[in-house]
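In the numbering used here, the protein residues as written are 5 to 185. Virtual Cβ for every residue (Gly too), placed ideally from N, Cα, C.
Following this line, the structure appears as structure tokens:
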């Protein structure tokens, strides 16, 4: 069947291979976690699918197999250290692994979780303006993934207005650190 000229022009910009049935979930995750674009979502989705595929391959092996136990333990330990999972007992924890598991470890979501920001957009602004530091390093990338160890080191940056305001409110102001001497 041959299309008319007008129909060809109309269908020129339509991509029938990338059907938009997943847009509802993708848009929900993008808005909930403050992702910058669908490209960033697709990158997280690719990582999540690779982890799901690895788990599926490991589950096909016999449960007493050394390879399954070694690789499975390694995967679970790595995901636990990253803070993505809370239990390292079995691979069943990672069966329904998705993009939201990874997005929950973004610095913006962690800031919201530890109540340094009220909303995701506020957390994004704090990070982009340099008000947050992890250890001694100021963080300016809202897509940074925070490990369990790094989560304990999140504080206000030294020159931050927020740090100054909070220390004045709690009457713990230290002139030496606030003046950056």
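{"Check": "From residue 169 to residue 175, what does the alpha carbon distance come to, in whole angstroms?", "Outcome": "10 Å"}
{"Check": "Can you list, in chain order, the residues of its chain with a C-beta nearer than 6 Å to that of residue 84? Leave out the 5 residues immediately preceding and following it.", "Outcome": "92"}
{"Check": "What would DSSP say about residue 185, mapped onto helix, strand or coil?", "Outcome": "At residue 185, the pLDDT of 49 sits below 50, so the modelled position is not reliable and the matter cannot be decided from this model."}
{"Check": "If you follow the alpha helix (DSSP H) that residue 111 is in, where does it begin and where does it stop?", "Outcome": "111-117"}
{"Check": "Determine, using beta carbons only, whether residue 147 and residue 54 come nearer to each other than 8 Å.", "Outcome": "no"}
{"Check": "According to the neighbour-count rule (16 or more other Cβ atoms, all chains shown, within 10 Å of its Cβ), is residue 185 buried or exposed?", "Outcome": "Since pLDDT at residue 185 reaches only 49, below the 50 mark, its modelled position is unreliable, and the value read off the structure follows with that caveat. Classification for residue 185: exposed."}
{"Check": "Quick check on residue 173: buried or exposed, where buried means 16 or more other Cβ atoms within 10 Å of its Cβ?", "Outcome": "exposed"}
{"Check": "Taking all protein chains shown into account, do 16 or more other C-beta atoms lie within 10 angstroms of the C-beta of residue 15, making it buried, or fewer, making it exposed?", "Outcome": "exposed"}
{"Check": "Specify, as a first and last residue, the run of the alpha helix (DSSP H) that residue 124 falls within.", "Outcome": "124-132"}
{"Check": "Do residue 150 and residue 103 count as a contact pair if the criterion is CB distance below 8 Å?", "Outcome": "no"}
{"Check": "With H, G and I counted as helix, E and B as strand and the rest as coil, what does DSSP make of residue 159?", "Outcome": "strand"}
{"Check": "Taking only the alpha-carbon atoms, compute the straight-line gap between residue 7 and residue 18 and give it to the nearest angstrom.", "Outcome": "14 Å"}
{"Check": "State the beta-bridge partners of residue 149 as determined by DSSP.", "Outcome": "110"}
{"Check": "Measure the Cβ-Cβ separation of residue 2 and residue 95 and say whether it is below 8 Å.", "Outcome": "The first residue shown for the chain is 5 and the last is 185, placing residue 2 beyond what the model contains."}
{"Check": "Our contact map puts residue 157 next to residue 139 with C-beta atoms below 8 Å; I'd like the distance itself, whole angstroms only.", "Outcome": "5 Å"}
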